Amino acid sequence: MKNDHLELEPFVECTDCGRKLHMICVLHMETIWPQGFTCDNCLKKKAAKRKDNKFNAKRLPTTKLGTYIETRVNNFLKKKEAGAGEVAIRVVASSDKIVEVKPGMRNKFVESGDLPEQFPYRAKALFAFEDIDGTDVCFFGMHVQEYGSECPTP
């Protein structure tokens with residue numbers, strides 16, 4: 001199988017002047033702005049502002065963990081005078097899961113004794129966002145597996 005297929009970048013057309021621009025370059029998404037796209041030049045001529053994007057990191061639900069990390073990060077950045085904007089930390093996924101011990105793993109690592117058939121854990125996804133010129137930029141993501149006290153020892 002060859003990997004020589006070239007995906008064409010989608011364009012968006014300005015509703016006022018008809019100018020075509022790369023959709024990704026102008027950060028336009030049809031589901032957020034269904035009324036169409038107006039380029040920056042036309043917005044300046046009309047002295048208008050683009051409708052705000054209501055889908056941003058600050059509006060995602062907060063958790064104790066996310067709030068704790070966010071506070072620590074922002075306090076650190078202020079103390080160091082890093083010149084960075086406010087950082088938003090959000091736990092965007094958290095679910096209980098179970099990992100099953102496969103026979104090959106059992107044969108290779110268990111010489112004596114008994115190994116539980118499965119181990120419960122919690123999978124979490126944390127992301128850090130910074131608002132840069134009105135656009136949320138995700139600059140860090142972390143996926144973790146937490147094995148708590150209810151998890152048997154291997």
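The opening position of the sequence shown corresponds to residue 1 in UniProt numbering, with each subsequent residue numbered one higher. Note that beta-carbon positions come from the ideal geometry of N, C-alpha and C, so glycine has one too. Quick caveat, the model's predicted, so the values are computed rather than measured.
For alanine 93, the closest C-alpha among the options Val144, Asp40, Pro116 and Lys108 is that of Val144.
Across the set Cys17, Asp114 and Asn75, the C-alpha of Cys17 shows the shortest separation from the C-alpha of lysine 45. With contact defined as three or more Cβ pairs closer than 8 Å, the region 118-130 and the region 80-96 are in contact. With contacts defined as CB atoms closer than 8 Å, phenylalanine 129 and alanine 88 qualify as a contacting pair.
Look at methionine 105 here: in three-state DSSP terms it is helix. Contact between the region 128-142 and the region 50-70 is established, with three or more Cβ pairs separated by less than 8 Å. As the crow flies, the alpha-carbon of valine 99 is around 39 Å from that of asparagine 53. When Gly83, Leu43, Lys64 and Gly148 are compared, the shortest CA-CA separation from threonine 15 is found for Leu43. In the DSSP assignment, glycine 141 forms a beta bridge with Phe127. Sequence-distant partners of leucine 77 (beyond 5 residues in either direction) whose C-beta falls short of 8 Å from its own C-beta, in its chain, are Ala84 and Val87. Of the residues assessed, leucine 126 falls on the buried side of the cut-off, its CB having 16 or more other CB atoms within 10 angstroms. As the crow flies, the alpha-carbon of arginine 50 is around 34 Å from that of leucine 65. Residue environment for phenylalanine 109: exposed (fewer than 16 other C-beta atoms within 10 angstroms of its C-beta).
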